[in-house]
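A.B. asks: Numbering (the numbering used here), first residue to last: 4 to 228. Provided herewith is a single structure, encoded as structure tokens, for subsequent inquiry.
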Amino acid sequence: MNDVLAGLALTKRFGQTVALGGVDIAVRAAEAVAIMGPSGSGKSTLLHCLAGIMKPDDGEVHLLGQRIDAMGERERSALRRTRFGFVFQFGQLLPELPAEENVALPLMLGGVARAQAVRQAREWFGPLGLQGMETRRPGELSGGQAQRVAIARALVTKPAVVFADEPTGALDQSTGHDTMRLLVEATRANGASLIVVTHDPNVAAWCDRTVEVRDGKLLAGGVPA
Ligand SMILES: Nc1ncnc2c1ncn2[C@@H]1O[C@H](COP(=O)(O)OP(=O)(O)O)[C@@H](O)[C@H]1O
Ligand SMILES: [Mg+2]
Numbered sequence: 004m005n006d007v008l009a010g011l012a013l014t015k016r017f018g019q020t021v022a023l024g025g026v027d028i029a030v031r032a033a034e035a036v037a038i039m040g041p042s043g044s045g046k047s048t049l050l051h052c053l054a055g056i057m058k059p060d061d062g063e064v065h066l067l068g069q070r071i072d073a074m075g076e077r078e079r080s081a082l083r084r085t086r087f088g089f090v091f092q093f094g095q096l097l098p099e100l101p102a103e104e105n106v107a108l109p110l111m112l113g114g115v116a117r118a119q120a121v122r123q124a125r126e127w128f129g130p131l132g133l134q135g136m137e138t139r140r141p142g143e144l145s146g147g148q149a150q151r152v153a154i155a156r157a158l159v160t161k162p163a164v165v166f167a168d169e170p171t172g173a174l175d176q177s178t179g180h181d182t183m184r185l186l187v188e189a190t191r192a193n194g195a196s197l198i199v200v201t202h203d204p205n206v207a208a209w210c211d212r213t214v215e216v217r218d219g220k221l222l223a224g225g226v227p228a
């Protein structure tokens, strides 16, 4: 299997609600996939199952051929920290830490010494248009800058896959656009795959593929052509 990440027949229910009704999806190396669909259609549930945040009721998730849905929480948590990066809508940076330490955090959690982690973190500020912002706290950054710091934090561990759930939902349209483009480009430049939930049809143009979700099922596009 040359897919980096694959979900097979994924099913997830919340009480009577079928959030995922048997979804097959596969993502190749360095491929960017946009996930679109109406509110409540199951996009976040799909992302959480693929990322090992949530266990599906049925079906399987494979990362580089290794089955991850059956792992215990401890193992999945270590996997999320080392192989995955995450960008959420907002409020994900720790307000009391300078930007560079927010970016360095996943490295420090993985055992890299603070000085070394911060040195590595700083290397991301130039490429992401954040030069000069290294020691600012999140409250001293604009919404777009804060999301770029979050992108740096998602990439700093060199993950296999970056997951982003409506990462620009809290930004104005033009800033959201620029941020999304940077997310797609920076992820691709680092050889990571990207799975991004978005309402912006333009994002599909920068991604390699768009997957449409309706009522817990994929309309099309789940597997690479
Ligand atoms: N933790 C939960 N408890 C109960 N129902 C949930 C939970 N998470 C999601 N759902 C339901 O599952 C369906 C899919 O939700 P979600 O994946 O969040 O959709 P989307 O991200 O596309 O808006 C919705 O009907 C939602 O109400
Ligand atoms: Mg959602």
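We put the beta carbon where it would ideally sit given N, CA and C, even for glycine.
Below 8 Å, how does it come out for the stretch 76–87 and the stretch 145–152: are there three or more Cβ pairs, yes or no?
C.D. replies: Because the criterion of three Cβ pairs below 8 Å is not met, the stretch 76–87 and the stretch 145–152 do not touch.
A.B. asks: Rounded to whole angstroms, what is the Cα-Cα separation between residue 73 and residue 5?
C.D. replies: For residue 73 and residue 5, the distance between alpha carbons rounds to 21 Å.
A.B. asks: Give me the Cα-Cα distance between residue 221 and residue 45, rounded to the nearest whole angstrom.
C.D. replies: Using only the alpha carbons, I get a separation of about 10 Å.
A.B. asks: Which residue comes first and which comes last in the beta strand (DSSP E) that contains residue 56?
C.D. replies: Neither: residue 56 is in no beta strand (DSSP E) and is coded neither H nor E.
A.B. asks: Can you list every residue whose CB sits closer than 6 Å to some heavy atom of ligand 1, going in chain order?
C.D. replies: Taking each Cβ in turn, the ones that pass are 17, 20, 22, 40, 42, 43, 44, 45, 46, 47, 48.
A.B. asks: Use the C-beta contact count for residue 177: other C-beta atoms within 10 angstroms, 16 or more gives buried, fewer gives exposed.
C.D. replies: That one is exposed.
A.B. asks: Please report the residue range of the alpha helix (DSSP H) in which residue 112 lies.
C.D. replies: Start and end: 102–112.
A.B. asks: Determine the extent of the beta strand (DSSP E) in which residue 65 is found, giving its start and end residues.
C.D. replies: Unbroken beta strand (DSSP E) run through residue 65: 61–66.
A.B. asks: List the whole-angstrom C-beta distance separating residue 90 from residue 153, where the pair is believed to meet the contact cut-off of C-beta under 8 Å.
C.D. replies: Right, their Cβ atoms sit about 5 Å apart.
A.B. asks: Where does residue 69 sit, in a helix, a strand or coil, going by DSSP?
C.D. replies: Correct three-state label for residue 69: strand.
A.B. asks: Report yes if the C-beta distance between residue 13 and residue 21 is below 7 Å; otherwise report no.
C.D. replies: Not closer than 7 Å, so no.
A.B. asks: So, helix, strand or coil for residue 217, using DSSP?
C.D. replies: Of the three classes helix, strand and coil, the one that applies to residue 217 here is strand, per DSSP.
A.B. asks: So what does residue 17 bridge to, in DSSP terms?
C.D. replies: DSSP, once it has assigned bridges, lists 20 as partnering residue 17.
A.B. asks: I need the DSSP call for residue 173, collapsed to helix, strand or coil.
C.D. replies: In this structure, residue 173 counts as coil in the three-state DSSP scheme.
A.B. asks: My output table needs one value for residue 74: the three-state DSSP class, helix, strand or coil.
C.D. replies: Coil.
A.B. asks: Using the three-state DSSP reduction, which class does residue 197 fall into: helix, strand or coil?
C.D. replies: Strand at residue 197.
A.B. asks: Measure how close the beta-carbons of residue 137 and residue 102 come, nearest whole angstrom, since I'm counting them as under 8 Å.
C.D. replies: Yes, residue 137 and residue 102 are in contact; Cβ-Cβ is about 6 Å, under 8 Å.
A.B. asks: Can you grab the Cα-Cα spacing for the pair residue 84 / residue 217, in whole Å?
C.D. replies: Cα to Cα, the separation comes out at about 30 Å.
A.B. asks: For the alpha helix (DSSP H) containing residue 147, list its first residue and its last residue.
C.D. replies: Start and end: 146–158.
A.B. asks: In the DSSP assignment, find the beta strand (DSSP E) that holds residue 167 and state where it starts and stops.
C.D. replies: Per DSSP, residue 167 belongs to the beta strand (DSSP E) from 164–168.
A.B. asks: Which of the three DSSP states, helix, strand or coil, is assigned to residue 31?
C.D. replies: Residue state, collapsed to three classes: strand.
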